[in-house]
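Colleague:
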Amino acid sequence: MKLQFSIFTKLLIIQYLSILCVSQDFDFFYFVQQWPGSYCDTKQSCCYPKSGKPAADFGIHGLWPEYKDGSYPSNCDPDGVFEKSQISDLISDLRQNWPTLSCPSNDGTKFWTHEWVKHGTCAESELDQREYFEAALKLKEKANLLQALKNAGIKPDDGFYELESIIAAIKEATGFTPGIECNVDPEHNSQLYQIYMCVDTSASEFIQCPKQPRKKCASTVQFPRF
């Protein structure tokens with residue numbers, strides 16, 4: 309009886325570990341950047357970080373592991389913690405490229421902690437914490453969304469632009485079709501809010517999206533000033 313119990317217990321442990329491993333597997337990343345002017349309109353209020361007003365540029369929202377069926381893993385490590393010391397030399401770059409606009413004003417640590425614990429821990433099979441944040445910074449530089457749009461004459465000037473023109477400009481620059489998320493401001497304008505690019509599981513190369521995010525936008529959207 310004791311032997312049978314021991315074998316049964318071991319089988320349960322193996323089964324649990326196998327399920328845990330599968331739950332942390334994923335198919336691709338969404339690399340998501342947001343326009344700060346639209347964020348402030350979306351929330352109807354925003355706070356600049358303690359380091360000052362961010363640049364008028366797209367800021368990183370996150371690097372999110374995804375499944376092809378449209379679902380995603382989250383909070384994969386109950387004991388996962390954000391170790392600021394591991395990325396101390398990246399803080400300046402993070403403040404510039406991954407700024408927080410949440411209120412009350414803060415230094416960004418809460419935002420980065422949330423993104424690592426909720427999303428980053430589900431990518432630990434591929435990236436440790438430092439690699440996760442480094443990868444996101446490199447992807448932002450590689451995409452250079454604002455320049456891609458400006459090259460097509462699409463500028464953050466409160467003007468209205470065809471959604472298809474925005475998609476085409478980003479595809480021309482990156483080689484891949486982005487997903488676009490819009491918000492509606494207090495004046496009921498549809499605004500360019502977030503841009504989703506799909507990335508391979510190594511978080512190094514853009515890929516064609518296995519599944520585009522389901523986001524609604526008007527056919528013409530505003531690109532607000534910031």
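Note that this note's numbering has the sequence shown beginning at 309, numbered continuously upward. Just so it is clear, CB atoms sit at the ideal spot from N, CA and C, and this is done for glycine as well. Remember, predicted model here, so these are calculated numbers, not experimental data.
For residue 467, which option in 494, 499, 375, 436 has the closest C-alpha, if you only look at C-alpha atoms?
Modeller: 499
Colleague: Going straight from the alpha carbon of residue 516 to that of residue 476, what length do you get?
Modeller: 14 angstroms
Colleague: Based on Cα-Cα distance, which residue from 490, 428, 409 lies nearest to residue 353?
Modeller: 409
Colleague: So, under 8 angstroms CB-CB, residue 396 and residue 358 are touching, yes? Tell me the CB distance rounded to an integer number of Å.
Modeller: Between residue 396 and residue 358, the beta carbon gap of about 17 angstroms keeps them out of contact (Cβ cut-off 8 angstroms).
Colleague: Under the DSSP definition of a beta bridge, which residues are partnered with residue 498?
Modeller: 492
Colleague: Could you check where the alpha helix (DSSP H) with residue 442 kicks off and where it finishes?
Modeller: 437-451
Colleague: Rounded to a whole number of angstroms, what is the C-alpha to C-alpha distance between residue 510 and residue 452?
Modeller: 20 angstroms
Colleague: Assign residue 384 to one of three DSSP states: helix, strand, or coil.
Modeller: coil
Colleague: Can you tell me whether residue 354 is helix, strand or coil according to DSSP?
Modeller: In this structure, DSSP gives residue 354 a state outside helix and strand, which the three-state scheme calls coil.
Colleague: Please state if the CB of residue 371 and the CB of residue 447 are separated by a distance shorter than 9 angstroms.
Modeller: yes
Colleague: Between residue 528 and residue 428, what straight-line distance do the alpha-carbon atoms span, to the nearest angstrom?
Modeller: 34 angstroms
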